[in-house]
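Participant: I am attaching a structure below and will ask some questions about it afterwards.
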Amino acid sequence: MAVDHKQIVDANTFLHDSVTANRSGRDEEVAKFGIGQKVQLLEDVKNDGTYPHAPIGTVMVQKGAIGYIKSIGEFLQVIRVYEVHFLDVNALIEVVGCREHELLAMEDYRDEVQEELEFMRKHREKYYSK
626 MAVDHKQIVD ANTFLHDSVT ANRSGRDEEV AKFGIGQKVQ LLEDVKNDGT YPHAPIGTVM
686 VQKGAIGYIK SIGEFLQVIR VYEVHFLDVN ALIEVVGCRE HELLAMEDYR DEVQEELEFM
746 RKHREKYYSK
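Under my numbering, the first residue of the sequence shown carries the number 626, and numbering increases by one thereafter.
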């Protein structure tokens, strides 16, 4: 029994590949945002089919929502994806993956781990150097 693709795929459904549409190739080596940094969403995040509990095209988080970078990962080892926890009460979901071009920093990033390491290095130089 052959499968008729016309019964499965609606040719009138517009699919937008938001992962690669605005950028192709490898992301920069250094991340633009850091974990814990406050960011604002620059465009609506719509369901591209990866969220199973809403139809494709549903607005998941609205433009202007404020959130915090929760983690940083990679898609296909070349595309950086920021896991952002949004605090918008109107959002369909709270945590969503975003690309750099979709986010705006609301504060400067402070790498507290790097700051602490630098403090310890200076402390050792001052008190323990021979």
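Even glycine gets a Cβ: it sits at the ideal position worked out from N, Cα and C.
For residue 730, which residues does DSSP report across the bridge?
Facilitator: Beta-bridge pairing links residue 730 to 664.
Participant: Are the CB atoms of residue 697 and residue 707 within a distance shorter than 8 angstroms?
Facilitator: Yes; because the gap between Cβ atoms is below 8 angstroms, this pair is in contact.
Participant: Going by the beta-carbon positions, is the gap between residue 695 and residue 666 smaller than 8 angstroms?
Facilitator: In this structure, residue 666 does not lie closer than 8 angstroms to residue 695 by Cβ.
Participant: Quick check: residue 655 and residue 671, are their CB atoms within less than 8 angstroms of each other?
Facilitator: Their beta carbons are not under 8 angstroms apart, which means residue 655 does not touch residue 671 by this criterion.
Participant: To the nearest whole angstrom, what separates the beta carbons of residue 664 and residue 714, a pair I think is in contact under 8 angstroms?
Facilitator: With 8 angstroms as the limit, residue 664 and residue 714 do not qualify as a contact, their Cβ atoms being about 18 angstroms apart.
Participant: Starting from the C-beta of residue 660, find all residues in its chain whose C-beta is less than 8 angstroms away, skip the five residues before and the five after it, and write them out in chain order.
Facilitator: Counting only Cβ-Cβ distances below 8 angstroms, and skipping sequence neighbours, we find 694, 695, 696 and 697.
Participant: Quick one: is residue 700 buried, meaning 16 or more other Cβ sit within 10 Å of its Cβ, or exposed?
Facilitator: Result: exposed.
Participant: Can you give me the C-alpha to C-alpha distance between residue 712 and residue 749, rounded to a whole angstrom?
Facilitator: Distance between the alpha carbons of residue 712 and residue 749: 41 angstroms.
Participant: Residue range of the alpha helix (DSSP H) that residue 749 falls in?
Facilitator: Unbroken alpha helix (DSSP H) run through residue 749: 737-753.
Participant: Anyone know if the C-beta pair for residue 676 and residue 704 falls short of 8 angstroms?
Facilitator: No, Cβ-Cβ distance for residue 676 and residue 704 is not below 8 angstroms.
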